[in-house]
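Structure first, then comments.
Protein chains in written order, with this note's numbering: chain S, 4 to 950; chain P, 56 to 298.
Next comes the structure, spelled out in structure tokens:
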């Protein structure tokens with residue numbers, strides 16, 4: 004007997020939604036536009052918004068799993084007050100009014116006596132325009148987000164060099180690049196834009212080279228994978244620079260027009276002016292003008308500057324163009340490919356070939372766009388001509404103790420090839436470029452903080468010399484994290500990773516309350532987790548916690564919740580008003596500025612409040628300036644949504660740039676528009692201004708773009724932005740270390756400041772690499788694409804992709820040590836050991852082992868069963884990474900303070916015993932009120948009546 | 056046992072998957088899960104979703120493989136779903152007619168009302184494309200998003216499988232592989248698209264585009280500048296440059 008196809012019973016046109024609402028994804032930091040399909044009030048489907056500038060309709064695995072994030076059983080339900088010992092996870096539920104009263108009590112006492120005793124640090128938050136402003140109004144300099152352990156090296160190196168940076172302030176020209184060099188990028192930063200770009204680039208036949216110790220994800224589709232030794236990329240880049248200089252394959256025209264290559268640098272060793280730019284009486288830098296054979300104004304369009312030679316200044320001192328210092332340094336045989344090969348493990352032949360390929364594409368395959376444009380000096384150009392070499396770099400460069408200089412080296416290479424904001428190169432995303440560095444100084448010096456007073460200025464900014472540091476007269480840091488002190492003079496993002504240790508030690512002073520948001524500082528965002536837990540729970544002789552109060556806000560039962568005294572439950576990203584602001588971390592693309600909002604697409608079914616609403620509420624209760632009216636009433640009674648529309652940071656400038664002005668027709672600047680949020684919603688919850696074609700390249704020197712940028716408040720003037728090959732502020736710190744000026748480093752930091760504050764990029768071995776005999780291997784973590792930046796890898800769908808992490812080992816290393824797939828091994832660093840299960844692979848540097856980060860969970864956390872694979876077999880390398888070095892100094896980049904967690908060195912050995920990961924920590928209880936997690940999930944059944 | 060269509064139409068809807076640019080991000084797998092969880096075969100049940108033995112129904116899974124040694128090797132990400140074969144055993148082994156191939160477009164479907172959960176089809180499929188729902192007791196599988204591609208309540212541009220519309224690198228293409236002039240057929244032609252395990256004779260409709268040969272630029276070695284070699288930094292002294 005046989006059957007024929009039955010009659011077709013498929014219902015082909017079932018509507019997917021009663022209603023589709025737009026908003027902005029928050030499953031990672033990419034911030035894509037999404038369309039949320041709602042059926043019977045339930046989340047049916049989330050897709051990318053085709054009109055959105057970030058993702059153009061696509062959506063990644065995380066964004067596609069938003070339904071499970073929203074419905075996670077790990078969601079907190081009500082404010083919690085600790086009842087047991089800190090870390091026990093014992094709480095009772097309390098009402099919001101009680102929770103806010105308790106917090107107000109603590110914070111009022113602090114503000115009345117010493118506002119610095121509040122340390123306010125946010126993790127993966129993107130409301131820093133709000134939280135930084137709130138900290139200033141409270142009066143504490145002790146504020147930052149998570150940039151100090153994320154990528155401050157990229158931001159700082161970029162902003163001091165070119166006035167922009169990789170990722171958020173710039174992007175490769177995916178449409179025109181012919182050669183793409185990617186360094187230290189695993190699966191992240193940014194998520195969808197890089198994937199969209201790589202698809203375009205490869206389909207067009209451009210060559211893609213990935214420099215990364217591990218071949219996963221993006222590197223897997225590279226035409227060439229260069230498995231460099233971790234922490235040595237800087238030397239690789241400097242050797243390429245050496246080759247290019249030797250072959251005279253640098254773009255001298257570009258350097259003269261757009262960089263400080265011709266600016267004269269004073270050569271007067273031993274004096275206070277050595278290494279600084281020679282300037283005229285108005286402070287304008289000088290060059291040697293070959294047209295007049297005299298000193299000239301380096302900023303003038305009329306000069307013909309020299310790139311080499313030695314010249315006499317009016318005061319008799321000698322000065323040379325900064326390019327001469329650069330070329331002298333990197334032409335030295337110390338930077339030859341053979342030297343770099345010893346350090347990087349990449350053959351001299353490969354380094355030479357890459358240099359040749361870069362030069363070939365840059366100089367022989369120029370891209371010409373038939374777009375006339377006018378430069379800063381008013382000169383008309385018929386076309387836009389570019390050198391189509393694009394570069395991108397991220398965490399693998401950043402999270403090393405030499406990351407600032409390595410990132411500077413990459414930007415130097417881009418400048419030498421003339422590939423910054425040209426067709427085919429690296430493109431700025433407005434509001435960048437900004438002056439290098441931006442003219443914002445951190446506040447918090449002695450005298451800038453006082454009881455009951457706001458701080459006049461933002462807590463974070465860009466120091467340009469010792470006079471900008473936040474230090475007492477004796478050199479003691481003013482901030483709890485020691486940012487902007489001699490420990491980390493250019494700590495542009497603050498140093499969240501040092502807060503817990505310093506607060507515990509009372510160094511430089513004790514604090515009262517640590518207030519954190521979305522920062523898992525007792526687990527996967529901590530360095531040296533076991534010791535961090537000890538510090539969070541340590542008590543003084545009187546039995547009081549050394550960190551007296553900890554307030555924490557999170558949407559989920561993360562590991563950090565158990566270490567708080569008071570917990571504010573946050574909403575999920577689909578339940579809130581929110582803002583992705585140009586004042587903060589923009590979502591612009593190179594074709595124009597953009598910002599976005601989140602709107603609540605579903606109502607919370609729990610007693611939770613958006614963190615931003617809570618912060619404003621606390622501001623009202625504390626009577627903070629800007630948050631209350633004269634009579635003490637709330638200035639923004641409608642909460643964060645009200646603030647988004649009506650708050651003005653400067654006249655006409657608010658959190659949102661679109662549809663400003665009474666009629667909603669202004670952009671960038673304009674009076675608050677009461678209908679602004681409606682206009683955003685009508686446009687898909689984002690605003691994007693498309694730049695006209697003549698403004699899309701050479702933004703740093705493009706008259707039309709500069710005029711636009713000034714008109715909308717991005718820039719203070721229409722002056723061109725000069726790219727900084729030679730970074731003078733570095734030399735100012737160095738001079739102080741050499742004994743010049745009134746503000747000098749303490750003696751113990753003198754030599755180190757002199758060494759690392761080099762105005763030109765240098766390479767030095769990461770500090771943790773010193774004991775190569777005892778710890779011969781590098782150990783790295785990467786975020787898997789399906790979980791990169793995702794706040795909650797507990798997601799029921801995503802954890803089916805990555806439910807437990809392995810330690811990946813190169814085949815040759817495994818064979819040498821007799822290790823095979825599925826074996827368990829000990830991974831030991833100088834501070835501890837971790838037991839993990841092995842997976843052998845080919846595509847990894849031979850002296851490196853690695854794993855996926857933040858898969859490992861503490862038993863009982865995140866709403867998972869106590870025996871979930873995340874805690875049984877998953878693990879963190881964080882337990883092995885010291886927050887301080889063996890000598891007690893921070894395990895960090897000495898320039899920016901960036902946590903150097905990619906510098907981890909280990910040795911491995913086979914492990915016996917129970918096949919489970921170690922160390923093991925006591926299981927955390929479920930918070931009160933949290934539901935028993937479901938044993939069966941059939942979310943979609945309801946939509947087909949099959950519940 | 057179940058017959059294949061006696062008079063199959065010319066139309067052969069399917070996917071073309073570009074292994075040269077797939078970065079293995081799992082977007083297709085999760086978006087598929089999301090759409091189909093509430094779609095034609097709803098739900099895509101997950102057992103023990105927050106526990107030790109999590110196990111769910113997925114129509115599309117991504118596997119990663121390495122080939123070759125160290126630097127010379129490569130990593131390939133390989134998304135796997137039903138290939139909607141022209142002559143599949145998964146249909147012909149079905150004892151109830153529940154597993155069938157549509158004559159009009161070639162899509163292979165399962166009728167849940169007549170599926171008895173015997174799993175013969177999953178044994179017959181060499182590609183591992185079938186997924187058994189323990190709770191419903193029926194076999195489920197990729198429907199090529201049949202409730203999207205003909206769905207008149209969706210905008211026309213959205214009438215493609217969820218995996219195709221969401222793929223960030225544009226590695227997934229949907230179309231009529233029975234029409235030699237379709238965009239997908241031309242892509243297969245241009246890129247030498249291949250059948251998965253053709254030796255088995257099931258004639259998959261879906262095609263995979265193999266990784267391209269990596270580009271190795273044959274750039275001439277950089278020639279040291281004679282001028283720089285002779286004069287060092289002063290080589291740049293005589294350049295006439297203007298701002």
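Ideal Cβ placement from N, Cα and C applies to all residues, glycine included.
{"query": "For residue 645 of chain S, which of helix, strand or coil comes out of DSSP?", "result": "helix"}
{"query": "Given this structure, state the Cα-to-Cα distance separating residue 480 of chain S from residue 145 of chain S, to the nearest angstrom.", "result": "11 Å"}
{"query": "Return the chain-ordered list of same chain residues with a C-beta closer than 6 Å to the C-beta of residue 843 of chain S, the five sequence neighbours on each side being excluded.", "result": "812, 814, 817 and 824"}
{"query": "Could one say the Cβ of residue 80 of chain P lies closer than 9 Å to chain S's Cβ atoms, at least one of them?", "result": "yes"}
{"query": "Have a look at residue 945 of chain S and residue 93 of chain P and give me their C-alpha separation to the nearest angstrom.", "result": "8 Å"}
{"query": "Nearest by alpha-carbon distance to residue 254 of chain P: which of P/142, P/84 and P/59 is it?", "result": "P/142"}
{"query": "Nearest chain P C-beta to residue 412 of chain S closer than 9 Å, yes or no?", "result": "no"}
{"query": "Thinking just about the alpha-carbon of each residue, which of S/124, S/607 and S/800 is nearest to the one in residue 44 of chain S?", "result": "S/607"}
{"query": "Can you give me the Cβ contacts of residue 287 of chain S inside the same chain, cut-off strictly under 6 Å, excluding the 5 residues immediately before and after it?", "result": "300 and 302"}
{"query": "Using the rule of at least 16 other Cβ atoms within 10 Å of the residue's Cβ for burial, across every protein chain shown, is residue 848 of chain S buried or exposed?", "result": "buried"}
{"query": "Please name the residue in S/568, S/727 and S/720 whose C-alpha comes closest to that of residue 418 of chain S.", "result": "S/727"}
{"query": "Just the chain P side, please: which residues come within less than 9 Å of residue 802 of chain S by C-beta, in chain order?", "result": "104, 105 and 109"}
{"query": "DSSP has residue 290 of chain S in a bridge; who is on the other side?", "result": "S/299"}
{"query": "Does the CB of residue 342 of chain S have a neighbour CB from chain P at under 9 Å?", "result": "no"}
{"query": "On the premise that residue 185 of chain S lies in contact with residue 217 of chain S, defined as a C-beta separation below 8 Å, what is that separation, rounded to the nearest angstrom?", "result": "The Cβ separation is near 13 Å, so there is no contact."}
{"query": "Expressed to the nearest angstrom, what Euclidean distance is found between the alpha-carbon atoms of residue 927 of chain S and residue 637 of chain S?", "result": "39 Å"}
{"query": "Helix, strand or coil: how does DSSP classify residue 3 of chain S here?", "result": "Given a span of 4 to 950 for chain S in the structure shown, any question on residue 3 of chain S remains unanswerable."}
{"query": "Is the beta carbon of residue 523 of chain S sitting closer than 9 Å to the one on residue 167 of chain S?", "result": "no"}
{"query": "Using only alpha-carbon positions, find the residue among P/134, P/288, P/263 and P/145 that is nearest to residue 56 of chain P.", "result": "P/145"}
{"query": "Within 10 Å of its beta-carbon, does residue 963 of chain S have 16 or more other beta-carbons around it, so buried, or fewer, so exposed?", "result": "No answer is possible for residue 963 of chain S: the residues shown for chain S start at 4 and end at 950."}
{"query": "Flag this pair as yes or no: are the beta carbons of residue 58 of chain S and residue 199 of chain S separated by less than 9 Å?", "result": "yes"}
{"query": "Among residues of its own chain, excluding the 5 on either side of residue 4 of chain S, which ones have a beta-carbon nearer than 6 Å to its beta-carbon?", "result": "Because the pLDDT at residue 4 of chain S is just 47, under 50, the model does not fix this residue reliably, and the value given afterwards should be weighed accordingly. Here the set comprises nothing."}
{"query": "Please find out if some non-hydrogen atom of the ligand PLP comes closer than 8 Å to the beta-carbon of residue 633 of chain S.", "result": "In the structure shown, the ligand PLP is absent, as is every other ligand, since no ligand is present at all."}
{"query": "Give the DSSP bridge partners of residue 542 of chain S, in chain order.", "result": "S/548"}
{"query": "Below 7 Å CB to CB, which residues in the same chain sit around residue 368 of chain S once its five sequence neighbours on both sides are set aside?", "result": "181 and 391"}
{"query": "Could you tell me which uninterrupted beta strand (DSSP E) segments, each at least 3 residues in length, are contained entirely in the segment 333-407 of chain S, listed from first to last along the chain?", "result": "370-372, 387-389 and 392-396"}
{"query": "At the 9 Å Cβ level, is residue 115 of chain P part of the contact set with chain S, yes or no?", "result": "no"}
{"query": "Do residue 780 of chain S and residue 835 of chain S have their C-beta atoms closer together than 9 Å?", "result": "no"}
{"query": "Buried or exposed for residue 171 of chain P, please, with buried defined as at least 16 other CB atoms from any protein chain shown within 10 angstroms of its CB.", "result": "exposed"}
{"query": "Would you list, in sequence order, the uninterrupted beta strand (DSSP E) runs of no fewer than 3 residues that lie entirely inside the segment 111-178 of chain P?", "result": "116-122, 129-135, 154-156 and 163-165"}
{"query": "Taking 9 Å as the threshold (beta carbon to beta carbon), is residue 4 of chain S in contact with chain P?", "result": "Residue confidence for residue 4 of chain S is low, a pLDDT of 47 falling below 50, so the modelled location carries little weight and cannot support an answer."}
{"query": "So, using beta-carbon positions, are residue 877 of chain S and residue 807 of chain S closer together than 9 Å?", "result": "yes"}
{"query": "Using C-beta distances below 7 Å, list every residue in its chain close to residue 147 of chain P, excluding the 5 sequence neighbours before and after it, in chain order.", "result": "56, 57 and 59"}
{"query": "May I have the straight-line CA-CA distance separating residue 337 of chain S from residue 284 of chain P, to the nearest angstrom?", "result": "16 Å"}
{"query": "Does residue 324 of chain S come out as helix, strand or coil in the three-state DSSP assignment?", "result": "strand"}
{"query": "For residue 705 of chain S and residue 442 of chain S, I'd like the C-alpha separation in whole angstroms.", "result": "20 Å"}
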